[in-house]
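Participant:
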DNA sequence: CCGGATATCTTGTCAACGGCAAGATATGCT
DNA sequence: AGCATATCTTGCCGTTGACAAGATATCCGG
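Chains as they are written, first to last, in my numbering: chain F, 763 to 968; chain V, 763 to 968.
1) So residue 814 (chain F) and residue 831 (chain F) are supposed to be a Cβ contact under 8 Å. How far apart are they, rounded?
2) Which parts of the stretch 799-880 of chain F are runs of the alpha helix (DSSP H), unbroken and 4 residues or longer, counting only runs that do not cross its ends?
3) Count the other CB atoms within 10 Å of the CB of residue 883 (chain V); is the residue buried (16 or more) or exposed (fewer)?
4) Thinking C-alpha only, which one of V:943, V:786 and V:947 is nearest residue 858 (chain V)?
5) State the Cα-Cα distance for the pair residue 784 (chain F) and residue 778 (chain F), rounded to the nearest angstrom.
6) Starting from the C-beta of residue 828 (chain V), find all residues in its chain whose C-beta is less than 6 Å away, skip the five residues before and the five after it, and write them out in chain order.
7) At a Cβ threshold of 7 Å, is residue 866 (chain V) touching chain F?
8) Looking at the secondary structure, which residues open and close the alpha helix (DSSP H) in which residue 935 (chain F) lies?
9) Kindly list the residues whose CB is nearer than 6 Å to the CB of residue 797 (chain F), restricted to its own chain and excluding five residues on each side of it in sequence; keep chain order.
10) Do residue 942 (chain V) and residue 910 (chain F) count as a contact pair if the criterion is CB distance below 7 Å?
11) Beta carbon of residue 916 (chain V), beta carbon of residue 846 (chain F): below 7 Å?
12) Is residue 890 (chain V) helix, strand or coil by DSSP?
13) For residue 1003 (chain V), I'd like the list of residues in its chain whose CB is within less than 7 Å of its CB, leaving aside the five on either flank, ordered along the chain.
14) Considering only C-alpha positions, which residue in the set V:896, V:928, V:922 and V:945 is nearest to residue 855 (chain V)?
15) In chain F, what lies closer than 7 Å to residue 812 (chain V) by C-beta?
16) Give the C-beta separation of residue 805 (chain V) and residue 935 (chain V) to the nearest angstrom, bearing in mind that I take them to be a contact with Cβ-Cβ under 8 Å.
17) Could you work out which residues of chain V lie near residue 846 (chain F), taking near to mean beta carbons separated by less than 9 Å?
18) Would you call residue 879 (chain V) buried or exposed, if buried means 16 or more other Cβ atoms sit within 10 Å of its Cβ?
Next comes the structure, spelled out in structure tokens:
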């Protein structure tokens, strides 16, 4: 359906999505122009409309691609800590996708393909939080853990991308993220980032 | 200079900023149109240019206003926990300002007025983190605490505004934020959210 | 090998927008 | 009263997103 190759352009849909990511990384989603994308791909100004309908259609496709890429990136993290680092790393390296994904005013966030892709990526995050021991003063349970973890990595990534962080933060987002995430879970993750067995009432043996 | 009142319109600059906030809350910063703002204010389509130069000039003014409003809002929080809650509350209630502030591609983030206002609001956050006792496994010191706190409230606020959070989070952002923030600082803040005295090595007496 | 059916892309058009220039009008100051 | 200035208007241009209609390449059945 998509990657067939062999039409007029070859694979215009893919080329447009790639060009969109580049353009957004250069000057942000607000400055994105369908006509500019068409020029970059070497087609006429109305060619994108056939594949995506309109601008929000293109950004919808980009968001879907982003949620799937995020899910794949999260799966590479073999611990809760490393999964958080992978989240930040994804936000920094696929910055265009990330920026669009969390800006529902730019695309059709209620499209079924989007909600499905979003669900897939969220499931990966939750699976990692599940085997975290309950912390002190944990009011919300595992859902609270997931919410806090998601918030801290998302916030750090957003602030990093916005250039809002002070210079002392350094220039390696992965390392800086590691420090921040460790501060959330404290002694509940060990040096390798793996969840440690609950210290208080070791009721369930490993 | 600004609040004079009594010119042609009265106070067009203020009216345009207010209209911009409303318009952005309605349909996001990407859909913002200077001509639409002019219509809302009842002036011609070129009137905004006189006060702000261009679109990014208007958003620059909105960002400055936002950073000052944020600093004022943070000052109402009398504890670290409540200051975090105030951050989230600001992001939700003055959503337009908040969205623009952390989107440097939309305005001139390096304008001197912006960096000054940003500095003012950041100083408020840091002052609250200063009297937090060092936590276990705290690698980054007070700066790390500030970064973690900022990240978690910023991330939560952003996700809330994006509508990305699951329904179980509830409909009161202040309450949900309280739970999340408490999970970051654990036992280091008491029920009132105040910082507790350091338990390990009380080297510096209060 | 051919010829329609279909997907893909082009050309042409229109309203809206941002930005600029030049002019009009009101305000403040002396 | 009269000039300088701030404020706003009118007019214009290039660009954009969206739509309509036409052109062209690919696919598939015969």
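Ideal Cβ placement from N, Cα and C applies to all residues, glycine included.
Facilitator: With the given structure in hand:
1) About 18 Å; that fails the 8 Å criterion.
2) 809-814, 817-838, 842-855 and 857-863
3) buried
4) V:786
5) 10 Å
6) 859 and 863
7) yes
8) 935-947
9) 807
10) yes
11) no
12) helix
13) Here chain V covers residues 763 to 968 and nothing more, so residue 1003 (chain V) does not appear.
14) V:922
15) Those within 7 Å of residue 812 (chain V) in chain F number zero; the least Cβ separation is about 23 Å.
16) 36 Å between Cβ atoms; not a contact.
17) Neighbours of residue 846 (chain F) on chain V: none; closest Cβ ~11 Å, over 9 Å.
18) buried
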